[in-house]
Amino acid sequence: MQLMMQGICKAFAANEVLKAVDFHLDGGEICALLGENGAGKSTLMNILGGVLPADAGVITLDGAQKVFATPTQSLAAGIAFIHQELNLINDLPIYENMFIGRELTKKNGFLDHAEMIRQTGDVFERMGLAIDPRVMVRDLDASYKQIVEISRALLMNARLIIMDEPTTSLTDPEIQRVFAMLRTLRGQGVGIVFISHKLREVIEICDRYAVLRDGVMVAQGRVADTSVSALARHMVGHEVASDAMGHQGTRGEERLRITDLTLEPYYRHVSLTAYAGEVLGITGLLGDGRSELMSTVFGAQGDYQGEIRVMGKAVHIKSTGQAVALGLGYVPRNRKENGIVKDMSIVENGSIVMWPRLTRHGLLDHQAQEKAFDTQRRALSIKLGRTRDPIMSLSGGNQQKVVLAKWLSAEPKILILDNPTQGVDVGAKEEIYDIIRALADANVAVIVLSSEAQEIIRVCDRALVMYHGAVCDEVMGERMTEHEMMRLATGG
Ligand SMILES: Nc1ncnc2c1ncn2[C@@H]1O[C@H](COP(=O)(O)OP(=O)(O)OP(=O)(O)O)[C@@H](O)[C@H]1O
Ligand SMILES: [Mg+2]
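Heads up, the sequence shown is in the working numbering, so the first residue is -5 and it goes up one at a time.
Below is the structure:
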């Protein structure tokens, strides 16, 4: 298999997103497609996947010119696309999702459920997964959904697989499992495009890299000849400074105290305290219960046992509205499902929690809304066309920044951030880390949930490690190392 894309151009209205881009891929290689948020990575792959038409340019597969007008045509040519935003149907079981658009039927024309279940089960076994193919997608955690999408591409026997940020909600052991599959596929001659902002993963798994900056292909080469910092420099166009670690926030008054909190089957007997002026990390592996724990604090599940105190006062938080009124903010981990309102504009999404404050005589003050959002847009350098455009027109990383903007503008006393840099590029990651530290300096109690040890070390004063729904230890100072956190997270 050999793919060539030449002179690809694409504009959205006046916004030129791809400017005569060349890209190529051979069978049996994994090529990283890199670039800042909004650089044009997803757009380029959407053209290859038949999701978007190009304005100009040529695509050839094994020397034959191709035009993919629909995703089905691209799929028929052996190209499987794992999208950045999850693309599964919640109301169907896993196995039916695996065969959407190419369902297996029996001779009498009825769906062959048994065969679809069997083939799905086979792929899961190859991936080392213990998931029942008959489970409804709705009941899966985000990271399992991602794994199901990857399995679906495997099942298609694709010759070329496009993976648009496939590991954003996976933790290390799952990522390793996915990488093992990718190596097997590479060995079988499959070509893989790997889009990611996790540059260490890129170095680990990819053979080649190609970097887009503002719609122009600015660098290409072999991964063996480069480094994380060189890749970051290509993406951003200048050096990316990573601040030294070792924080000493001055601990202020107690803001949040949780005592003996239990919600079966997710977590049990969890106690912790978060203070003003401090960044508290919570880390662990998939299924450790940290996301469920913090969504409880934000009012998502009222039927917990134990005590929650906010600013020293015992409260029973039953709704998110109540949590907001108490001064809590919460950036959830799965942006598409919980973080944004898809039918609303960028500015509406970015200011929704401020609406009560922006309303006069029952009417929303649009000017005040634009002004408040503009402050955050600058602070986070959100890349957008017009603020009234739909949120879905933004690149994934910029959507994440809008979710952050929303909560920053609410000026919470306690801010909970679950996986705050998912899909965010290296430069913007550093900006978000700086903002998190600045919030703590401004006396906010910040809680960061992350499975990336590097992230915890970079931004937190201390961190709790969870294992199977319980806090197993607290690390800080010299003990806050990648090795130690991994040891605790695996129950060691
Ligand atoms: N359907 C659309 N309508 C209008 N503009 C769009 C649309 N899709 C993408 N864009 C714009 O095209 C540019 C490139 O977006 P794209 O999604 O390709 O970026 P990306 O490199 O994948 O970024 P990220 O790392 O954040 O996912 C952005 O400025 C985005 O706002
Ligand atoms: Mg993208």
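C-beta atoms are modelled at their ideal positions from N, C-alpha and C, and glycine is treated no differently.
Computed from a prediction, not measured in an experiment: that's the story for all the values here.
**Message:** Buried or exposed, going by whether 16 or more other CB atoms sit within 10 Å of the CB of S345?
**Reply:** buried
**Request:** Between the Cα of L402 and those of D166, I189 and Y324, spot the shortest distance and give me the residue it belongs to.
**Result:** Y324
**Item:** Limits of the beta strand (DSSP E) - the one that T256 falls within
**Value:** E248 to L257
**Asked** Roughly how many whole angstroms lie between the Cα atoms of V335 and A432?
**Response** 27 Å
**Request:** Count the other CB atoms, across all protein chains shown, that sit within 10 Å of the CB of R329; report buried if there are 16 or more and exposed otherwise.
**Result:** buried
**Message:** Any heavy atom of ligand 2 closer than 7 Å to the beta-carbon of K35?
**Reply:** yes
**Prompt:** Going by DSSP, what residues sit across from G293 in a beta bridge?
**Reply:** Answer by DSSP bridge pairing: none, since G293 is not bridged.
**Item:** beta strand (DSSP E) segments (min. 3 residues) lying fully within the segment 431 to 455
**Value:** 439 to 443
**Beta-carbon gap between P53 and D158 smaller than 8 Å** = Correcting the residue identity first, residue 53 is Ile in this sequence and not Pro. Result no, Cβ atoms of I53 and D158 do not sit closer than 8 Å.
**Asked** Under a three-way DSSP split, which group does A63 fall into?
**Response** coil
**Prompt:** Excluding sequence positions up to five away, which residues of its chain have a Cβ less than 8 Å from the Cβ of N81?
**Reply:** E143
**Request:** Indicate, with yes or no, if ligand 1 has a heavy atom lying under 7 Å from the CB of V11.
**Result:** yes
**Item:** Burial state of F62, where buried means 16 or more other Cβ atoms lie within 10 Å
**Value:** buried
**Message:** Across the segment 258 to 274 and the segment 456 to 463, are there enough close Cβ pairs to call them in contact, namely three or more that are closer than 8 Å?
**Reply:** yes
**Prompt:** Does at least one heavy atom of ligand 3 sit under 7 Å from the Cβ of S163?
**Reply:** Ligands in the displayed structure: ligand 1 and ligand 2; ligand 3 is not one of them.
**Straight-line Cα distance separating I156 from A58** = 20 Å
**Item:** CB of I340 within 8 Å of CB of T290, strictly
**Value:** no
**Prompt:** Do you know how far the Cα of R245 is from the Cα of V147?
**Reply:** Just to set this straight, residue 147 is Ala in the shown sequence, not Val. A147 and R245: Cα-Cα distance of roughly 49 Å.
**Prompt:** Considering R180, what are the terminal residues of the beta strand (DSSP E) in which it resides?
**Reply:** Careful: R180 lies outside any beta strand (DSSP E), inside the alpha helix (DSSP H) at D166 to G181.
**Message:** So the candidates are L176, L154 and M92; which of them puts its Cα closest to the Cα of G72?
**Reply:** L154
**Message:** Under 7 Å: does the beta carbon of S387 sit that close to some heavy atom of ligand 1?
**Reply:** yes
**Message:** Considering only heavy atoms of ligand 2, does any lie closer than 7 Å to the CB of G390?
**Reply:** yes
**Message:** In the DSSP output, what is I53 paired with across the bridge?
**Reply:** M(-1) and K60
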